[in-house]
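Undergrad: Have a look at this one.
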Amino acid sequence: MEKLADEQGLRTSTFVKAEVVKMARSAEPASEDRQRIYIDVTNYRELSGYVEQKHFGSIASFATFAMESVMQRNQLTEAQKARIGKSIN
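Counting from -19, one number per residue, gives the positions in the sequence shown under my numbering.
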């Protein structure tokens, strides 16, 4: 546990709490509009520092903001919207 926590730049107790929360949330039933995404971040310390300095709250909220920003700049064409069956703004 200590080694895994170290790799993620966390204290062991924080790492364990995060893993327990992840497991509990993964047991929740998924819905069409809400899914959980798990990714490994190789530059976690740098990203964590950036999020803290820019007051985004958490890496998850920053990731959501970043994805929405990219989607706004790179909107789907009408044909792409039709293929997925709904409009994404």
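For every residue, glycine included, the Cβ atom is placed at its ideal position computed from N, Cα and C.
What is the rounded straight-line gap between the Cα of Leu(-10) and the Cα of Ala40?
TA: Whole-angstrom Cα-Cα distance: 16 Å.
Undergrad: Below 8 Å, how does it come out for the region 20 to 28 and the region -16 to 3: are there three or more Cβ pairs, yes or no?
TA: The region 20 to 28 vs the region -16 to 3: in contact.
Undergrad: Under 9 Å, do Thr(-8) and Glu(-18) count as touching if we go by C-beta distance?
TA: Yes.
Undergrad: Just to confirm the assignment, what range does the alpha helix (DSSP H) spanning Met47 have?
TA: Note, Met47: alpha helix (DSSP H), 39 to 53.
Undergrad: Between the C-alpha atoms of Thr57 and Phe45, what's the straight-line distance to the nearest angstrom?
TA: The alpha-carbon atoms of Thr57 and Phe45 are separated by roughly 21 Å.
Undergrad: Could you give the distance in angstroms between the alpha-carbon of Glu48 and the alpha-carbon of Val(-4)?
TA: Distance between the alpha carbons of Glu48 and Val(-4) is about 30 Å.
Undergrad: If you draw a straight line from the C-alpha of Arg63 to the C-alpha of Phe42, how long is it?
TA: Taking the straight line from one Cα to the other gives about 29 Å.
Undergrad: What span of residues does the alpha helix (DSSP H) with Ile64 cover, start to end?
TA: Segment 58 to 64, the alpha helix (DSSP H) holding Ile64.
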